[in-house]
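See below for the structure under consideration.
Number of protein chains: 2
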Amino acid sequence: MDRQQDYWLATGVEALLKRLDWRDHLAQEEREALRAAAGPVRYFAAGQPMAGQHASPKSSLLLASGMAARHNMLEMGEQQITAFHILGDFVDLHSLLLSRLDHGVSAVTDVVAVEFPHDKLLEITERLPHLTRMLWLSTIMDGAIHRQWLVAMGRMPALSHMAHLFCEHFVRARVVGLVQNDDSFPFDITQSALADALGLSTVHVNRVVQELRRRHLLEWEKGVATILDWKTLQRVGQFDDTYLDLERQQR
Amino acid sequence: MDRQQDYWLATGVEALLKRLDWRDHLAQEEREALRAAAGPVRYFAAGQPMAGQHASPKSSLLLASGMAARHNMLEMGEQQITAFHILGDFVDLHSLLLSRLDHGVSAVTDVVAVEFPHDKLLEITERLPHLTRMLWLSTIMDGAIHRQWLVAMGRMPALSHMAHLFCEHFVRARVVGLVQNDDSFPFDITQSALADALGLSTVHVNRVVQELRRRHLLEWEKGVATILDWKTLQRVGQFDDTYLDLERQQR
DNA sequence: CGCCACTTTGAAACAGTTCAACGTCAGTGG
DNA sequence: CCACTGACGTTGAACTGTTTCAAAGTGGCG
Chain R
7 MDRQQDYWLA TGVEALLKRL DWRDHLAQEE REALRAAAGP VRYFAAGQPM AGQHASPKSS
67 LLLASGMAAR HNMLEMGEQQ ITAFHILGDF VDLHSLLLSR LDHGVSAVTD VVAVEFPHDK
127 LLEITERLPH LTRMLWLSTI MDGAIHRQWL VAMGRMPALS HMAHLFCEHF VRARVVGLVQ
187 NDDSFPFDIT QSALADALGL STVHVNRVVQ ELRRRHLLEW EKGVATILDW KTLQRVGQFD
247 DTYLDLERQQ R
Chain X
7 MDRQQDYWLA TGVEALLKRL DWRDHLAQEE REALRAAAGP VRYFAAGQPM AGQHASPKSS
67 LLLASGMAAR HNMLEMGEQQ ITAFHILGDF VDLHSLLLSR LDHGVSAVTD VVAVEFPHDK
127 LLEITERLPH LTRMLWLSTI MDGAIHRQWL VAMGRMPALS HMAHLFCEHF VRARVVGLVQ
187 NDDSFPFDIT QSALADALGL STVHVNRVVQ ELRRRHLLEW EKGVATILDW KTLQRVGQFD
247 DTYLDLERQQ R
C-alpha cells in the first residue's frame, strides 16, 4: 500500500541483487522469486533490538537502510559484536536453518529492514537450486568475514585490526553503491560499538582512531568515514580483499 | 578396490550422517546420495597441507580420521588458525561455492579424508533440497563456531578462552562418538598449534594449560584430553552449547 | 646415543586496560 | 535563550595480562 514501503522494499532487494550479482549472474526468474519472497518492511530506532539472543525468528531481515550488528553478551555485562551489516545484507539468514539464534541483533543506527518469511525462503530452496546456492553463498561470505576478524583479532595489533575493519567496510559499501567520491562511506557507529567489535576498550579505540587520523590514513566524523590513503591503510591492515570473493563466475 | 579404502569411506560418511542426524532426520534416499557422492580416500601426514590458501579445489574433503586446521598466514610469518576439524567434519565444504579458498587447510595429525567431488555435490543441490539445506546447515554451524571464537577472543581472558575451546571440542567429539568414558577425547595437537588458534604465544598457552591442570579441570597428555570437572570448566569458559544447535527438528 | 621437536621456566618489556576526570555537543525544559 | 542533562569523545597515570627473549628440560625416534 505505502509508497514509502515500496521504496524501501525495492531499495533493499535491489541492493541484495546487486551484491549477489557481483558473484554470479541471476536469472530473471530468480530475481522475481526474491522480490516475491520479500515481506513487510520494518523500522527500528538506533539501539533497538531486532532479534533477541536465543530467539527463533520466523523470518530473516534484509537491510534496506542503516547499520545493524550481531552481538553476544557475556556474564560481566561486556559484549562482543561479531558482525556489522549494511544495505543489502541479511542480518540473520542463517536463522532459516538454525533452531535458535546464538546471538542478538540490534540496530546500530536507525534501520529499515525487509522481512523474508522463512516459509517463502524455504519454498525457494525447494524450487530454485541456483538461487539457493547464491543464498547459501551469502552465509558463506559471512563466515569468510568472521574468519578474517579472527585473524585480525588473534594476530594483529589494534592499529592493524582497526585498519582492516575500515578496509572491509569500504569494499562492502562500494559493492552496494554506498561509497561517495570513491573514498567515503557511511559509518555511523559509536567508538564504544567499534570497541565491542574489535575486542578493545573504548579508551584504546579512541587512541587508535586518533593514530589513524594522525597518519592521514582516514577521516571519520559525523558518521562518515573517508579513506585518505587506501594503499597504506590496506598495508597496515594487511587487507587482501580476495576473501570477499568478488569474482563473477558460475556457482 | 581396497578394503582399507572402503573402511575409511564408510567411517567418514557414517560420522557425517550421525552429525547431521543430530539436527534433523535424513531420509534413506539422502543417505544413499551422500554415500554415492563420496569419491576417493586420501591420506595426509601430520603437518602436510591439504589445500593451499587461494586454491580452488574441485572437491571438498570430509575427515574420516585425525584432525585438520584452517589457517591464515600473516606477513610476519605468524599464523592464525580459524577452525579445527575432526571426524565427520567437512574441512572446506564452503569451497563448493567460493571461487577460491581464503585460507589454507593442513593436517594437524595424520589424517584420512574422503573426497566429495564438487560436481557430485552440485548435483545433490539440484536434486535434493532437504539434503542441500542440511549441507548448508553444516557451513552455518562453522559460522556459529567462528562467532563463539570471536567472542572468546575478543572478550575473554586466556584461561576462559582455552576452557571454552576444550568444552567445544568435548561436545563436538561426543556427537561423532569420539568420547571415551564420558570424559576424554582425542586432542592430539601441539601447544603451539593451540596458541595459533587462541591467538596467544606458545609460552602463555603453556602457562594457561598448567593452570587448568592445577585447578583440576582438565588433563591433557599424549594427545588425549580428559575433562575432570565439566561444570567448572564450562563456567570458566562461559560455555553454553546451545550455539551448537543440537536440537533435532525439521530444517 | 644424539638429535630434534616440543614443553617448561624465569625475567624484562610492552600493548592494552582500568580508573578517574574533563571536554564537547545536541537536545530539553524552564 | 540559557541552564541542565546525558551520551559520547578525549586525556593522563597506574596497572596487568600477555609477549618476548633466552635458556634449560623432556622424550621419542632414527
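First to last, the protein sequences are chains R and X.
Position in the first sequence counted from 1, then plus 6, gives you the working numbering.
Position in the second sequence counted from 1, then plus 6, gives you the working numbering.
Note that beta-carbon positions come from the ideal geometry of N, C-alpha and C, so glycine has one too.
Identity of the residue in the options nearest residue i by Cα
i, options, result
"R178/X", "D202/X, D30/X, A21/X and R9/X", "A21/X"
"L23/R", "K64/R, D235/R and L68/R", "L68/R"
"D125/X", "W142/X, L102/X and L134/X", "L102/X"
"A231/R", "R213/R, D246/R, F245/R and V185/R", "V185/R"
"G160/X", "I87/R, L107/R and D108/R", "I87/R"
"R241/R", "R41/R, M73/R, R106/R and E174/R", "E174/R"
"G58/X", "T145/X, L107/X, E227/X and Q255/X", "L107/X"
"Q154/X", "L171/X, R180/X and L143/X", "L171/X"
"M79/R", "F245/X, E217/X and W142/X", "F245/X"
"M73/X", "D95/X, E84/X, P63/X and K64/X", "D95/X"
"Q85/X", "S65/X, H100/X and H109/X", "H109/X"
"L223/R", "L165/R, D27/R, S65/R and V117/R", "L165/R"
"E81/R", "R221/X, S105/X and A158/X", "A158/X"
"D194/X", "T145/X, E227/X, R180/X and E217/X", "E227/X"
"H167/X", "R180/X, E217/X and I146/X", "E217/X"
"T238/R", "H31/R, R221/R and D251/R", "R221/R"
"S65/R", "D116/R, D27/R, L127/R and R25/R", "L127/R"
C-beta atoms of residue i and residue j nearer than 8 Å
i, j, result
"S112/R", "P192/R", "no"
"A199/X", "V114/X", "yes"
"L137/R", "E36/R", "yes"
"A169/X", "G229/X", "no"
"V215/X", "L204/X", "no"
"S71/R", "L93/R", "yes"
"R48/R", "A119/R", "yes"
"L141/X", "L99/X", "yes"
"T248/X", "T145/R", "no"
Straight-line gap, residue i to residue j (C-alpha atoms, nearest Å)
i, j, result
"P60/R", "D8/X", "The question names Pro, but residue 60/R in the sequence shown is His. Cα-Cα distance, rounded: 47 Å."
"D188/R", "R139/R", "31 Å"
"W236/R", "H91/R", "22 Å"
"Q10/X", "I233/R", "57 Å"
"T17/R", "A75/R", "20 Å"
"A89/R", "S190/R", "20 Å"
"R29/R", "L156/X", "27 Å"
"Q34/X", "I130/X", "14 Å"
"F176/R", "P46/X", "42 Å"
"V182/X", "D202/X", "25 Å"
"S62/R", "E225/X", "37 Å"
"S105/R", "G83/R", "25 Å"
"M147/R", "D251/R", "8 Å"
"P123/X", "V19/X", "14 Å"
"H152/R", "L143/R", "14 Å"
"Q255/R", "L26/X", "30 Å"
Residue burial classification, residue i (beta-carbon count within 10 angstroms, cutoff 16)
i, result
"L12/R", "For the record, residue 12/R in the displayed sequence is Asp; it is not Leu. Counting Cβ neighbours within 10 Å, D12/R comes out exposed, since fewer than 16 surround it."
"G53/X", "exposed"
"E6/X", "Absent from the structure is residue 6/X, since the part of chain X shown begins at 7 and ends at 257."
"P163/R", "exposed"
"W14/X", "buried"
"T208/R", "exposed"
"A77/R", "The identity of residue 77/R in the sequence shown is His, whereas the question assumes Ala. Flag for H77/R reads buried."
"P135/R", "buried"
"E132/R", "exposed"
"A51/R", "exposed"
"A150/R", "buried"
"A43/X", "buried"
"R257/R", "buried"
"R180/R", "exposed"
"H31/R", "exposed"
"R213/X", "exposed"
Distance cut-off 7 Å: residue i Cβ against heavy atoms of the ligand FAD
i, result
"R139/X", "In the structure on display, the ligand FAD does not appear, and there are no ligands present to speak of."
- Can you list, in chain order, the residues of the region 154–169 of chain R whose Cβ is nearer than 7 Å to any Cβ on chain X? Here the close residues are W155, L156, V157, M159, G160 and R161.
- Query: Using Cβ-Cβ distances below 7 Å, what residues of the region 127–147 of chain R are close to chain X?
  - Reply: Flagged, chain order: T131, E132, P135, T138, R139, W142, L143, T145 and I146.
- Message: Closer than 9 Å between beta carbons: that is the criterion. Which residues of the region 62–73 of chain X meet it against chain R?
- Response: Across the region 62–73 of chain X, no CB contact with chain R closer than 9 Å is found for any residue.
- Under 7 Å (Cβ pairs) to chain X, residues found in the region 240–256 of chain R: Per Cβ criterion, the list reads Q244, T248, Y249, D251, E253 and Q255.
- Task: May I ask you to list, following chain order, the residues of the region 88–111 of chain R that have a beta carbon less than 7 Å from some beta carbon of chain X?
- Result: Of all residues in the region 88–111 of chain R, only T88, H100, L103, L104, S105, R106, D108 and H109 come within less than 7 Å of chain X when Cβ atoms are compared, listed by chain position.
- Item | Under 7 Å (Cβ pairs) to chain R, residues found in the region 74–88 of chain X | Cβ contacts with chain R come from N78, L80, E81, E84, Q86 and T88.
- Any residues in the region 32–60 of chain R with a beta carbon nearer than 8 Å to a beta carbon of chain X? Which ones, in chain order? Those residues of the region 32–60 of chain R that come within reach of chain X (Cβ to Cβ, closer than 8 Å) are H60.
- Task: Can you give me, in chain order, the residues of the region 203–214 of chain X that have a beta carbon less than 9 Å from any beta carbon in chain R?
- Result: Within the region 203–214 of chain X, contact with chain R at the beta-carbon level (separation under 9 Å) is assigned to A203, L204, G205 and L206.
- Item | Contact residues within the region 176–200 of chain R, judged by C-beta distance below 7 Å to chain X | Residues are counted here when their Cβ sits less than 7 Å from a Cβ of chain X; for the region 176–200 of chain R the count is zero.
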